[in-house]
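*Asks:*
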Amino acid sequence: LLSCYLWMMNHYIIEPSSAYYASALGTNDALSGIMLGAAPWFSLISAIGYSFWTNYSYKTPILFAAFLVTIGNLLYACALSYNSMTMCLIGRAISGLGAPRIINRRYVADATPFSLRTAASAAFAMATAIGSATGPGIAILLDRLDFDFNLPIFGKQNFNGMTGPGFLMSFFWALFTICILFLFKEPKRTGLDELREKENSTSANLSEELQPEDDDGDESDWDDHSTGGMISNDKPQSYDDDEVSTSSPLYCLKHITRPVVICMSLIFMKRIALESIVGSTSVITKHRYGWSIANVGSLHLANGIIVIPVSAMSGWLSQYHEDRYLALWFLAITFFGMMFMVDVTDIVDSSNDTYNTDKFFSVGPVKYVIGSLIAFSGVEACESYTASLMSKVVPSALAVGTFNSGLLATLVGTLGRGVGDAFITAMGLLSIRNLLNLLIIPGASLMAISFFLIRYYYGILGF
């Protein structure tokens, strides 16, 4: 939980100042998307290594990851003194290589009992929310500081609203590394054992129910997409497990099922939509409303604070409703919030630099803040349900080995974040003036697709 909290804090503490940092380094504001996206892109590389590592241990990979994030944040902060965007991106890339998300997901999947799975996912979602709130809050405070100090090896450095997040997070991750070294103990993988027992029980029941006379029945009953045909849609093809190593991608492909693919798609689209809301805030508000780092940080702080009770409510609701049902509701809430931020006046007329502020349907700062709060809360609340769905529909064969369900969820989520950040940069270079609609409309469309995807395959997503 602590590593999840620090990682999300690390991500959100630099977002309010990212556009200003890019400008201070002599580059286009739109490159702030690349600054944010460098970490998730490189975390795709390290995720596979950490996944293999967690087959044997949790402690050593989390220690190594924390060390990399410590160094990465330090380089990111020192880039200003060297006036080097290259150094800044290298720091972000190293931070990405230290991303602990796959370790966290594997821990939940392997060490958490089934009865507590959704609650555990909600707890991690809450840690994410608290990190999302703490990061911008501290960014506001750091923006008030401006002083010079000497750092061994790197020389004279300036601590301000742009470099402060890097220096502070480097210090926090160093402390975290020390705490893990002396306090963390390897857990028992009770969740994995329970999943295997449940699958064995299900297979035994199916074997008793399927009698020879059923062979003449209509096979389409097993293929129905909404009633949950467990044989043709959800069970991996039979084969000899000894033929393929658990460390091979082919092992993953042979065991993957339709519900798992659907959950991966949901995670991917949700992450792109989330980045279109959060990652673009500093660029959009700087040009549309003339906001400062403190203003952007205040919005993200409000987002994170609201998400905390929403995440708590998500865990409470999971006791009474299925994950698939709650995911539909929160996807609908997210879609509504994003549509609230669509500026229809820009679609009609985008030739002026005033953003049509004199027109009733234009998106001013108040409307933007309301839409952002609604959409961010919805998509973050949906996080616990999609993660829980993924852990419940995955076959036990994908709960072990290198290419396990935790890795798959991390890869698609991180890829979605990276694609979202790259999309921000691409759309910003295309038109800063129309950046809001260029990001929000595609993001809202992805939420609509996710909603109908769950509704269409509702039957096979139940567990």
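Using my numbering, the final residue of the sequence shown is 1442, and nothing's skipped along the way.
In this text, a Cβ means the ideal position worked out from N, Cα and C, and glycines have one as well.
How close, in whole Å, do the beta carbons of Met1292 and Val1391 come, if the pair is a contact with beta carbons under 8 Å?
*Replies:* Between Val1391 and Met1292 the Cβ distance is about 26 Å, and since that is not below 8 Å, they are no contact.
*Asks:* Helix, strand or coil for Leu1440, going by three-state DSSP, please let me know.
*Replies:* helix
*Asks:* Any heavy atom of the ligand COA closer than 7 Å to the Cβ of Val1345?
*Replies:* With respect to the ligand COA, the structure offers nothing, as it holds no ligand at all.
*Asks:* With distance defined between alpha-carbon atoms, name the residue in Tyr1035, Ser1036, Pro1131 nearest to Leu1053.
*Replies:* Checking every option, the nearest Cα to that of Leu1053 belongs to Pro1131.
*Asks:* So Val1323 and Phe1340 are supposed to be a Cβ contact under 8 Å. How far apart are they, rounded?
*Replies:* 5 Å
*Asks:* Quick check on Leu1130: does DSSP put it in helix, strand or coil?
*Replies:* strand
*Asks:* Which residue comes first and which comes last in the alpha helix (DSSP H) that contains Val1257?
*Replies:* 1237-1257
*Asks:* Among the residues of its own chain, which have a CB less than 7 Å from the CB of Ala1106, if the five just before and after it don't count?
*Replies:* For Ala1106, same chain residues with a beta-carbon under 7 Å away, outside a window of 5 residues either side, are Leu980, Cys983, Tyr984 in chain order.
*Asks:* DSSP state of Lys1164, grouped into three classes?
*Replies:* coil
*Asks:* I'd like to know whether the C-beta atoms of Asp1127 and Ile1272 end up nearer to each other than 8 Å.
*Replies:* Between Asp1127 and Ile1272, the C-beta gap is not smaller than 8 Å, which leaves the two residues out of contact.
*Asks:* Would you say Leu1154 reaches chain B, if we count a Cβ-Cβ gap shorter than 8 Å as a contact?
*Replies:* Among the chains of the structure shown, chain B does not appear; only one protein chain is present.
*Asks:* Between Ala1003 and Ile1157, what straight-line distance do the alpha-carbon atoms span, to the nearest angstrom?
*Replies:* 34 Å
*Asks:* Give the DSSP-derived three-state secondary structure of Phe1138 in the structure shown.
*Replies:* strand
*Asks:* Assuming Ile1073 contacts Ile1050 under a Cβ cut-off of 8 Å, what Cβ separation, rounded to an integer in Å, is found between them?
*Replies:* 6 Å
*Asks:* Ile1428 and Met1248: beta carbons closer than 8 Å?
*Replies:* yes
*Asks:* Using three-state DSSP, classify Cys1411 as helix, strand or coil.
*Replies:* Here the sequence assigns Ile to residue 1411, which means Cys is not the residue at that position. Per DSSP, reduced to three states, the secondary structure at Ile1411 is coil, with no helix or strand assignment.
*Asks:* What is the residue span of the alpha helix (DSSP H) that Arg1071 lies within?
*Replies:* 1064-1076
*Asks:* Taking Ser1036 as the reference, give the member of Val1257, Arg1085, Ser1063, Pro1019 with the closest Cα.
*Replies:* Measuring from the Cα of Ser1036, the nearest candidate turns out to be Arg1085.
*Asks:* How far does the alpha helix (DSSP H) with Arg1267 in it extend, from its first residue to its last?
*Replies:* 1260-1267
*Asks:* Between which two residues does the alpha helix (DSSP H) holding Glu1362 run?
*Replies:* 1344-1372
*Asks:* Taking Cβ positions, are Val1321 and Ile1419 nearer each other than 8 Å?
*Replies:* Yes, the Cβ-Cβ distance between Val1321 and Ile1419 is below 8 Å.
*Asks:* So Glu994 and Gly1294 are supposed to be a Cβ contact under 8 Å. How far apart are they, rounded?
*Replies:* Going by Cβ atoms, the distance from Glu994 to Gly1294 rounds to 26 Å, so no, they are not a contact pair.
*Asks:* Counting Cβ pairs closer than 8 Å, one from the segment 1347-1367 and one from the segment 1053-1070, do we hit at least three?
*Replies:* no
*Asks:* So what's Pro1421 in DSSP terms, helix, strand or just coil?
*Replies:* helix
*Asks:* Take Leu1146 as the anchor and find which of Val1048, Ala1017, Gly1116, Ala1018 has the nearest alpha-carbon.
*Replies:* Here residue 1146 is Phe; the residue named in the question, Leu, does not match the sequence. Measuring from the Cα of Phe1146, the nearest candidate turns out to be Val1048.
*Asks:* For Gly1012 versus Gly1422, is the C-beta spacing smaller than 8 Å?
*Replies:* For Gly1012 and Gly1422, no; Cβs fall outside 8 Å.
*Asks:* In three-state terms, what does DSSP make of Pro1079?
*Replies:* coil
*Asks:* Under 8 Å, do Met1014 and Ala1001 count as touching if we go by C-beta distance?
*Replies:* yes
*Asks:* Can you tell me whether DSSP reads His1234 as helix, strand or coil?
*Replies:* helix
*Asks:* How is Asn991 classed by DSSP in three states: helix, strand or coil?
*Replies:* Note that residue 991 is Tyr in the sequence shown here, rather than Asn. Note: Tyr991 maps to helix in three-state DSSP.
*Asks:* So what's Ser1271 in DSSP terms, helix, strand or just coil?
*Replies:* coil
*Asks:* Taking only the alpha-carbon atoms, compute the straight-line gap between Val1372 and Arg1237 and give it to the nearest angstrom.
*Replies:* 9 Å
*Asks:* Quick check on the burial criterion: 16 or more other C-beta atoms within 10 angstroms. Buried or exposed for Pro1288?
*Replies:* exposed
*Asks:* Which of the three DSSP states, helix, strand or coil, is assigned to Gly1196?
*Replies:* Any reading at Gly1196 must be qualified, since the residue scores a pLDDT of 41, below 50, and its modelled position is unreliable; the value itself is stated next. If DSSP states are grouped into helix, strand and coil, Gly1196 belongs with coil.
*Asks:* Taking contact to mean 3 or more Cβ pairs, one atom from each stretch, closer than 8 Å, check whether the segment 1347-1354 and the segment 1309-1318 are in contact.
*Replies:* yes
*Asks:* Taking the CB atoms as reference points, tell me whether Ser1066 and Cys1057 lie closer together than 8 Å.
*Replies:* Per the sequence presented here, residue 1066 reads as Met, with Ser not at that position. Result yes, Cβ atoms of Met1066 and Cys1057 sit closer than 8 Å.
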